Amino acid sequence: MSMDSLLLPVTQSPPEICDDKRLKSEPDKLSELVLESYIASDTESEYESEYESESEFVSESESESELVPEQDPELVPEQEPESESEPELDPRSDWELIPIEKLTVNDLASRYDDDPSPFCFGCPQFVYKNKALLKREEDSEKALAEYLELSCDVSPFDAIPIPPLAIADRCGCNFPAPVELTEECGLLTDLSNLALEKFNAKNKGSNFVFDELVKAAYSPFPPTYYITFKANDAAHPQPSNSPATTFQAQVWKKMGREGPYMVKSCSIKT
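Counting from 55, one number per residue, gives the positions in the sequence shown under our numbering.
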């Protein structure tokens with residue numbers, strides 16, 4: 055047997071099948087080409103949009119920089135370097151930092167002796183007064199002595215003005231002092247009428263009517279008014295032509311109470 059007869063026949067695909075395979079493979083290649091071109095176009099568009107946005111940002115920055123005038127570097131204030139925070143100082147004086155049991159008069163004298171403002175400090179060991187306070191106390195004592203000498207024989211109804219220096223730094227002073235009539239005219243008139251009512255009731259047949267205020271004085275403990283006023287006798291045949299009579303009334307009320315004033319005395323001035 056010859057070798058040709060042993061060779062197996064080679065089968066070939068029909069031409070229709072080959073064409074089908076070729077057609078199937080070609081669309082795959084086409085789709086790959088289309089996809090690649092699509093991706094490339096998208097990438098380019100993204101690059102273009104980013105470039106455009108950057109261009110717009112640069113142009114806006116340039117336009118803003120054109121609007122802002124350039125500053126002269128010599129005129130621009132230099133920023134001072136931040137200094138380290140300094141420790142807070144104690145606002146108290148040197149002597150206030152000394153323990154009270156170790157404090158001496160000299161500690162205060164060195165600070166306040168020549169101070170023009172009066173100064174006083176007291177502690178268990180001592181009481182310190184500077185020169186200004188000692189001088190004011192001396193002047194106050196002198197003024198008070200002069201006032202007491204002038205007022206010793208003066209009635210409270212004739213009270214004289216009290217020098218402010220005489221009662222400076224003094225508590226509880228109860229010297230009667232003159233009252234400004236225009237400031238308390240209404241109250242003083244009412245109190246005068248109250249005093250006249252008591253006088254007329256006490257003295258049968260009297261019928262005095264208030265005419266005018268003359269003067270008044272006041273002392274604070276307890277609240278007391280010393281009032282001098284004039285009144286006319288309504289029982290006189292011609293009251294308008296009758297001479298006015300001068301009265302003196304002492305009217306007071308209890309401390310810290312809102313109750314009415316009470317008449318302590320009312321009489322014709324002699």
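Each residue gets a CB set at the ideal place from its N, CA and C atoms; glycine is no exception. The structure presented is a predicted model; accordingly, all values stated were derived computationally and were not measured.
- Secondary structure of Gly310 (DSSP, three-state): coil.
- Between the stretch 187-200 and the stretch 245-260 there are fewer than three inter-stretch CB-CB distances shorter than 8 Å, so the stretches are not counted as touching.
- The continuous beta strand (DSSP E) containing Cys174 extends over residues Cys174 to Gly176.
- Considering only Pro230, Cys225, Leu219 and Ala249, the residue with the shortest C-alpha distance to Cys206 is Pro230.
- Between Asp161 and Ala186, the C-beta spacing is not below 8 Å.
- Taking the Cα of Pro277 as reference, the smallest distance to any Cα among Pro297, Thr299, Val263 and Pro314 is reached at Pro314.
- With respect to the C-alpha of Ser246, the residue from Phe264, Val208 and Ala288 having the closest C-alpha is Phe264.
- Relative to the Cα of Thr282, the nearest Cα in the group Glu203, Asp212, Val159 and Gln179 belongs to Asp212.
- The three-state secondary structure of Val159, taken from DSSP, is helix.
- The stretch 238-298 contains, as complete beta strand (DSSP E) runs of 3+ residues, the segments 262-273 and 278-287 (chain order).
- Within the same chain, and ignoring the five residues on either side of Leu267 in sequence, the residues whose Cβ sits closer than 6 Å to its Cβ are Leu235, Leu242 and Phe283.
- Residue environment: Phe275 is assigned as exposed (fewer than 16 neighbouring CB atoms within 10 Å of its CB, all protein chains considered).
- Distances from the alpha-carbon of Gln179 to those of Leu157, Glu192, Tyr166 and Arg165 put Leu157 closest.
- For the pair Ser164 and Cys239, the Cα-to-Cα distance works out to about 53 Å.
- Judged by DSSP secondary structure, Ser205 falls outside any beta strand (DSSP E) and instead within the alpha helix (DSSP H) spanning Lys185 to Ser205.
- In the three-state scheme derived from DSSP, where H, G and I count as helix and E and B as strand, Ser321 is classed as strand.
- Around the beta carbon of Asn286, a 10 Å sphere encloses 16 or more other beta carbons of the protein chains shown; the residue is thus reported as buried.
- In this structure Ala288 does not touch Tyr280 by the C-beta definition: roughly 25 Å separates them, more than the 8 Å allowed.
- Scanning Lys323, Ala298, Thr300 and Ser319 for the CA closest to the CA of Lys307 turns up Ser319.
- Pairing Gln302 with Lys323, the inter-Cα distance amounts to about 6 Å.
- Between Ile152 and Cys177 a beta carbon distance of about 11 Å is seen, past the 8 Å cut, so the two are scored as non-contacting.
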